[in-house]
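Visitor: What follows is a single structure, and I will ask about it in a moment.
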Amino acid sequence: MSSSQGSSTHLPVFVAGTRHWTVGDVRSFSGQSFNGQTLGGAPGASVDSVEDAIAEFRYRHDLISAEECEAWLALRGLEYTDLHDCISRRSSGVASRDDREAEIDFLLSDQFAAVVRALSWRVAMAVELQLPLPSTAPAPSACWREWEQRFDDQRGQLLSTEARTRVLARLRRSLTRVHFLSAEFDSINAALEARSCVNEDRTTLESVAAANGYPYRQDSCFIDELPAEWAPILCACALGAASSPLSLDGRFLLLSTLQRTEPRLTDADVLARIDSVIVEQHFDALASKHVRWIIPVGHG
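Per the working numbering, residue -1 is the first one in the sequence shown, and the count goes up by one each step.
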């Protein structure tokens, strides 16, 4: 069912309770009209840039072969021309011209999976609580408002101090914040010499890099946000010491841990991560119990 054949509104996305939940339900739940919205990108995109963007889209969705791509699109009521036209609009910063183009742009957006996941949580909650399900599709807005209130109530009950404390204890290492400095050198010898200055002469990596004109920067993030190769180094390295050189695209990187901060519930970023874990675990479990997927969506 391509754009020339009609809407995907009635295509089922998942089954839960006594009914199919459709693309129309997802769009209704999102509460947004995508008409008139530009999708970003550089105006006047070339054919090559559009093809590159399509290749990136296929890679991101693991659509290696043409057959896999066509099957993925067909499940959403789309054809390759719909993908090409959508990417062309996105690359050129052009708004969808009508409701069907808006629907296609929504189906192929990153937002679609996020909205579907949020909807599946609320539907699963409704089934679990034995709330009446709407008989019409798409469901009326009054249904979404009632369910949203129920969802907020359940979320508030989940986010108790006790639950947050338990998750904090479990995620203490991954939510430890590391403040560190990284410096890039153009040769292994320069990196080794800088490391020697830091570790033997008790100077700082920042001062060595600055004195010799090498680029450096300070960063701060949770341990689980670090590149996999960096995390053990920055966790084990003595404060202020320089790591062994890491090869990086022909350059050589030194890392230096400046500070490690234990996670606390008073840290807004820590609290947001913990709350997200609690909510996701609870409602993903409900969705696993009550939802059968027809169009698989990644959770990102």
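Glycine included, each C-beta is placed from N, C-alpha and C at the ideal position.
1) In angstroms with no decimal places, state the Cα-to-Cα distance between Ala283 and Val11.
2) Applying the 10 Å Cβ sphere with the 16-neighbour rule, what's the burial state of Arg215?
3) Please give the ranges of any alpha helix (DSSP H) in the stretch 48 to 76, keeping only runs that are unbroken, at least 4 residues long and fully inside the region.
4) Under the rule that 16 or more other beta-carbon atoms within 10 Å means buried, what is Pro225, buried or exposed?
5) Considering only their Cβ atoms, is the gap separating Phe55 from Ile341 smaller than 8 Å?
6) Could you say if the stretch 236 to 250 and the stretch 183 to 200 meet the contact criterion of at least three C-beta pairs nearer than 8 Å?
7) Can you tell me the Cα-Cα spacing of Trp142 and Ser90, whole angstroms?
8) In whole angstroms, give me the CA-to-CA distance for Val21 and Trp291.
9) When you compare the CB positions of His177 and Leu253, do they come within less than 8 Å of one another, or not?
10) Taking the DSSP output, what are the residues bridged to Arg258?
11) In terms of residue numbering, what span does the alpha helix (DSSP H) encompassing His8 cover?
12) Going along the chain, which residues of its own chain have a beta-carbon closer than 8 Å to the beta-carbon of Lys287, five neighbours each way excluded?
13) Using 10 angstroms around the beta-carbon of Ile62, count the other beta-carbons present and answer buried if the total reaches 16, otherwise exposed.
14) Could you give the distance in angstroms between the alpha-carbon of Gly39 and the alpha-carbon of Asp108?
15) Am I right that Arg271 and Thr174 are in contact with their C-beta atoms under 8 Å? What's the rounded C-beta distance?
16) Taking Thr163 as part of the alpha helix (DSSP H), name the residues at either end of that continuous run.
17) Name the one or two DSSP bridge partners that Arg98 has.
18) Let me know if Gln30 comes out buried or exposed under the rule of 16 or more other beta-carbons within 10 Å of its beta-carbon.
19) Let me know if Arg25 comes out buried or exposed under the rule of 16 or more other beta-carbons within 10 Å of its beta-carbon.
20) Please go through the same chain and pick out, in chain order, the residues whose beta-carbon is closer than 7 Å to the beta-carbon of Ile231, but skip the five residues on each side of it.
21) I'd like the span of the alpha helix (DSSP H) that includes Val295, first residue to last.
22) Could you check whether Ile276 and Leu73 sit closer than 8 Å to each other, using their CB atoms as the reference points?
23) Between which two residues does the beta strand (DSSP E) containing Arg17 stretch?
24) Quick one: measure Cβ to Cβ for Leu71 and Glu65, integer angstroms, because I've assumed they're closer than 8 Å.
25) Taking DSSP's pairing of strands, which residues face Val289 in a bridge?
26) Compute the beta-carbon to beta-carbon distance between Ser180 and Asp222, rounded to the nearest angstrom, for a pair I have assumed lies under 8 Å.
Guide: Reading it off the structure:
1) 18 Å
2) exposed
3) 64 to 73
4) exposed
5) Outside the shown range of the chain (-1 to 298) lies residue 341, about which nothing can therefore be said.
6) Yes, the stretch 236 to 250 touches the stretch 183 to 200.
7) It is roughly 34 Å from the alpha-carbon of Trp142 to the alpha-carbon of Ser90.
8) 13 Å
9) no
10) Looking at the DSSP output, Arg258 bridges to Val176.
11) Taken as a continuous stretch (DSSP letters only), His8 belongs to no alpha helix (DSSP H), as it is neither H nor E.
12) Ala122 and Glu126
13) exposed
14) In this prediction, Gly39 scores a pLDDT of 38, lower than 50, which makes its location untrustworthy; the coordinate-derived value is nonetheless stated afterwards. Rounded to whole angstroms, Gly39 to Asp108 spans 15 Å at the Cα level.
15) With 8 Å as the limit, Arg271 and Thr174 do not qualify as a contact, their Cβ atoms being about 12 Å apart.
16) Where Thr163 is concerned, the enclosing alpha helix (DSSP H) stretches over Thr159 to Arg168.
17) Per DSSP, none; premise fails for Arg98.
18) Only weak support is given to the placement of Gln30: the predicted model assigns it a pLDDT of 41, under 50, and the question is left unresolved by the model.
19) buried
20) Its chain contains Ser241 and Leu253 as the residues whose beta carbon lies nearer than 7 Å to that of Ile231, once the 5 sequence neighbours on both sides are disregarded; these appear in chain order.
21) That residue, Val295, is in no alpha helix (DSSP H); it is neither H nor E in DSSP.
22) no
23) Arg17 to Thr20
24) Incorrect: roughly 11 Å between the Cβ atoms, too far for contact.
25) Ala14
26) That belief does not hold up - the Cβ atoms of Ser180 and Asp222 are roughly 18 Å apart, past 8 Å.
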